[in-house]
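Reading through the structure tokens given below for one structure.
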Amino acid sequence: MTKIAPPSPGSTQEAWLHAAYDALTEGGVETVKIMPLAKRLGVTRSGFYWHFKDRDALLEGMIRNWEDQNTGNLIARCEAYAETICEAVLNLFDCWLDDTLFDSRLDLAIRNWARVDPALKARLDRADARRKAAVEAMFCRFGYVPADAEVRALTMLYTQIGYLSMQVTEDKALRFSRMCGYVEVFTGCTPTASETDRFIARHNAPSHS
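The sequence shown runs 0 to 208 under numbering that gives the first Met the number 0.
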């Protein structure tokens, strides 16, 4: 039986996943290959097999990270404590402003990858259904009827997907200046000054009051 040599210090599972992430988000799934990744890391390819059975296992690791981070955190923010629907929506907006909660580059890369991978497309569809259900439930929690909650949830999610697909870049101050308007469009309610101030404070954003 052939033994696999222990990996070098730079050949950790996290390092391989990070290199794969860079390749995926920069050039698509077809660029996620073991030898090019080894060159990125400056290690031999043998270290890869210390952490992953094969390329498919690496790809599965990235997909699971995406599911846990993007879908998991989106649902958690929808379920976070809020006294009003405006506060609840601002909780969800945290995802659009904090890459550690929701990685927009990864979400776009997964959507592009799913165009050529039916199995991944099915998982993406399930993830989108879970996200939609979470946002709908958030609205229903504050008294919106199901049909209205669905339309508002879809409007929010489609808007964010539009941001991703169009690769919109905005100055931080400009984006924050629009947040209250977005909340009003999505909820039909105006956030209070204290709700807005708390949201701005946790993102260290410039105040527009």
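All residues carry an ideal CB built from backbone N, CA and C; glycine is no exception.
All of these numbers come straight from a predicted model, not from anything done at the bench.
Alpha-carbon spacing of residue i relative to residue j, whole angstroms
{"i": "Arg197", "j": "Asp98", "result": "19 angstroms"}
{"i": "Asp116", "j": "Leu123", "result": "10 angstroms"}
{"i": "Ala4", "j": "Trp49", "result": "Its pLDDT being 47, under 50, Ala4 is placed unreliably by the model, and nothing is read from it."}
{"i": "Gln68", "j": "Phe51", "result": "21 angstroms"}
{"i": "Asp21", "j": "Ala118", "result": "22 angstroms"}
{"i": "Lys131", "j": "Ala148", "result": "10 angstroms"}
{"i": "Asn203", "j": "Tyr181", "result": "19 angstroms"}
{"i": "Phe92", "j": "Ser45", "result": "42 angstroms"}
{"i": "Arg200", "j": "Glu194", "result": "For the sequence presented, residue 200 should be read as Ala rather than Arg. The straight-line gap from Cα to Cα measures roughly 10 angstroms."}
{"i": "Ile62", "j": "Ile109", "result": "8 angstroms"}
{"i": "Thr100", "j": "Arg174", "result": "The sequence shown places Leu at residue 100, rather than the Thr named in the question. Those two C-alpha atoms are separated by around 18 angstroms."}
{"i": "Tyr143", "j": "Thr191", "result": "19 angstroms"}
{"i": "Thr154", "j": "Thr43", "result": "47 angstroms"}
{"i": "Ser176", "j": "Thr158", "result": "17 angstroms"}
{"i": "Thr189", "j": "Thr83", "result": "10 angstroms"}
{"i": "Thr168", "j": "Glu66", "result": "24 angstroms"}
{"i": "Glu183", "j": "Glu25", "result": "35 angstroms"}
{"i": "Lys171", "j": "Arg114", "result": "31 angstroms"}
Buried versus exposed call for residue i [16 or more other C-beta atoms within 10 Å across all chains shown]
{"i": "Glu13", "result": "exposed"}
{"i": "Cys85", "result": "buried"}
{"i": "Asn90", "result": "buried"}
{"i": "Arg125", "result": "exposed"}
{"i": "Asp102", "result": "buried"}
{"i": "Glu135", "result": "buried"}
Test item: CB-CB of residue i and residue j under 7 angstroms
{"i": "Leu23", "j": "Val31", "result": "yes"}
{"i": "Val88", "j": "Thr186", "result": "yes"}
{"i": "Leu107", "j": "Leu163", "result": "yes"}
{"i": "Cys77", "j": "Met165", "result": "no"}
{"i": "Ala19", "j": "Leu57", "result": "yes"}
{"i": "Thr70", "j": "Arg129", "result": "yes"}
{"i": "Ile74", "j": "Ala121", "result": "no"}
CA nearest to the CA of residue i, picked from the options
{"i": "Trp95", "options": "Thr191, Met178 and Glu183", "result": "Met178"}
{"i": "Asn64", "options": "Phe92, Ala81, Val150 and Leu16", "result": "Leu16"}
{"i": "Arg140", "options": "Tyr80, Leu153 and Ile160", "result": "Tyr80"}
{"i": "Met34", "options": "Gly26, Glu25 and Phe47", "result": "Phe47"}
{"i": "Lys38", "options": "Ser10, Leu173 and Val167", "result": "Ser10"}
{"i": "Arg54", "options": "Glu66, Val42, Leu36 and Thr43", "result": "Leu36"}
{"i": "Glu59", "options": "Thr158, Thr189, Glu82 and Trp112", "result": "Trp112"}
{"i": "Asp127", "options": "Arg114, Arg104, Ala146 and Ile160", "result": "Ile160"}
Residue i: CB within 6 angstroms of a non-hydrogen atom of the ligand NAP
{"i": "Asp97", "result": "By its list of ligands, the structure shown contains no ligand whatsoever, and the ligand NAP lies outside what it can speak to."}
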